[in-house]
Each structure stands twice: as C-alpha cells, then as structure tokens.
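Residue numbers (my numbering), protein chains in the order written: chain A, 1 to 110; chain B, 111 to 222.
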C-alpha cells in the first residue's frame, strides 16, 4: 500500500464549479499535510498547509483534515481556467520528509 | 530574493556515463532533498541532508549519491547512468518545523 494515495483523475470541471480533490495516507502519526499545485513543465508550489483537524480556508481554496480517518481534501471553489494543473498531496512522514501522492490533474473547462 | 536553482535544466547522456546535477539554495535552509518525478509515480525521494556532512538515503537511492560540503549545495551524482534513470529531478529545501518544501525548477535528464 502506498503511503499517500490520491483520486487518480483526471478531473474535469466547468468554470465556476467546485473541484474536489481527495487524499488518504497510511501513517497515523503524521502531523503536517500540504497541497502543492504543479503546472505542466513547472515545479510544485505550495498552495495550502494544514495541521489540525477541520477546515482551513485561503481564498478560493479550502483544505479539510480528518486525522481519525487519515483523510485530507482540497476544495477549489469558483474554479478558473488558471486552476488547471496537477495537484499533489504531501504528508510529513517525520524527520521533515514529505511523501507525495501521484497527483490529480484538474482541467477547468471555460 | 532567496531561491533554489538547479543546473543543468536539460541534459542528454549515454548509458554508463557519470552525471552530476547541481542544486544551490540561498534560503540558508539546513534541510535539502532530491526527488525524481515520473508519470504515475509522483515525486519519490532519492536522498536528503539535514546539514553539512549529513546525507541519508531515500526510497529510491540505488545508483545515486549526494554530498553536502556546505549549506548551500547538494549535488546529485549518477555514478553510471541507466535508462531507468531518465526522469525529471527536483531539488528542494526546508527549514525544519513542519517540513514545508521549496522546490527548484527541475532538471530533465534523458539517458540513451
């Protein structure tokens, strides 16, 4: 079983809709969780971090964490064509090392 | 502004040759990492370092080595390049705490 699993996608949503991305992880002691966005041919950039159970909102992005279920999600509200990218879920497995999921590619249709 | 730079950005080499990918960061971060990214596998950790003279193996370290002689640099060496090492390589750094990573622009390596 992989340490971090994401819904494989690709995910296609119309402009203005909500894109929902899911991620599960295997290590119960993980304490830090991140969502990175990666445009084609570019490097990953951090868009959200979450450390406590519940929701964290930043602009059009909301991260949700449920440690009991070992589940973290990302919602993108009012999706824009500029949100078209691959989204990587990352989990801190201890000692500052991050383990990444394979990514979910999102396409926002104009 | 602080940054992390990789070179070369693109390289084509032949099987069996030694290749070194450079990574230089001006964040003054103690932690540095090398990942490779392949379709369907996401980012996989190759080697990492928590400071000068410290190096550690990641999940896919076979065929790779690193050295850390100063805070700013963590070069990645492929001792004898293999076609299976064709990939995009990302260097990243972080400063303790939660582990938030800052990435370089990536180096695309093709081994023929």
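C-beta: ideal position from N, C-alpha, C; glycine also.
Since the model is a prediction, treat every value here as computed from it, not as a measurement.
Next on the checklist: Against chain B, which members of the stretch 41-74 of chain A pass a CB distance test of less than 9 Å?
Outcome noted: Within the stretch 41-74 of chain A, those residues whose Cβ lies closer than 9 Å to any Cβ of chain B are, in chain order, 41, 42, 43, 44, 45, 46, 49 and 51.
Checklist entry - If you draw a straight line from the C-alpha of residue 178 of chain B to the C-alpha of residue 139 of chain B, how long is it? => result Against the second chain, residue 178 of chain B aligns to sequence position 68. Against the second chain, residue 139 of chain B aligns to sequence position 29. Here the C-alpha atom of residue 178 of chain B lies approximately 13 Å from the C-alpha atom of residue 139 of chain B.
Next on the checklist: Let me check understanding here. Comparing Cα to Cα, which of A:72, A:94 and A:25 lies closest to residue 3 of chain A?
Outcome noted: Here the question's residue 3 of chain A lines up with position 3 in the first chain. Of the candidates A:72, A:94 and A:25, the one whose C-alpha sits nearest the C-alpha of residue 3 of chain A is A:25.
Next on the checklist: Does the CB of residue 161 of chain B have a neighbour CB from chain A at under 7 Å?
Outcome noted: As a position in the second chain, residue 161 of chain B is number 51, starting the count at 1. With 7 Å as the cut-off, residue 161 of chain B does not count as an interface residue toward chain A.
Checklist entry - To the nearest angstrom, how far is it from the Cα of residue 78 of chain A to the Cα of residue 88 of chain A? => result Within the first chain, the letter at position 78 stands for residue 78 of chain A. Within the first chain, the letter at position 88 stands for residue 88 of chain A. Their Cα atoms are separated by approximately 20 Å.
Next on the checklist: Can you pull out the residues from the stretch 76-109 of chain A whose beta carbon lies closer than 7 Å to at least one beta carbon of chain B?
Outcome noted: Taking 7 Å as the cut-off between beta carbons, the residues of the stretch 76-109 of chain A near chain B are 88, 92, 96, 97, 98, 100, 101, 102 and 103, in sequence order.
Item to check | Where the stretch 12-37 of chain A meets chain B: residues whose CB sits under 7 Å from a CB there | outcome: Within the stretch 12-37 of chain A, 32 and 34 place their CB atoms closer than 7 Å to a CB of chain B, listed in sequence order.
Next on the checklist: Determine, for residue 182 of chain B, whether the minimum Cβ-Cβ distance to residues of chain A falls below 7 Å.
Outcome noted: Counting from 1 along the second chain, the entry for residue 182 of chain B is found at position 72. The C-beta of residue 182 of chain B comes no closer than 7 Å to any C-beta of chain A.
Checklist entry - Comparing alpha-carbon positions, which option in B:135, B:163, B:176 and B:161 lies nearest residue 129 of chain B? => result Counted from its first residue, the second chain places residue 129 of chain B at position 19. The shortest C-alpha separation from residue 129 of chain B is found at B:176.
Checklist entry - Listing by chain order, which chain A residues have their CB less than 7 Å from the CB of residue 134 of chain B? => result As a first step, residue 134 of chain B must be located in the second chain, where it is residue number 24. Under the 7 Å cutoff, chain A gives no residues; its nearest Cβ is about 15 Å from residue 134 of chain B.
Next on the checklist: Check whether chain A comes within 7 Å of residue 131 of chain B, counting only Cβ atoms and requiring the distance to be less than that.
Outcome noted: Walking along the second chain from the start, residue 131 of chain B turns up at place 21. Interface criterion not met: the Cβ of residue 131 of chain B is under 7 Å from no Cβ in chain A.
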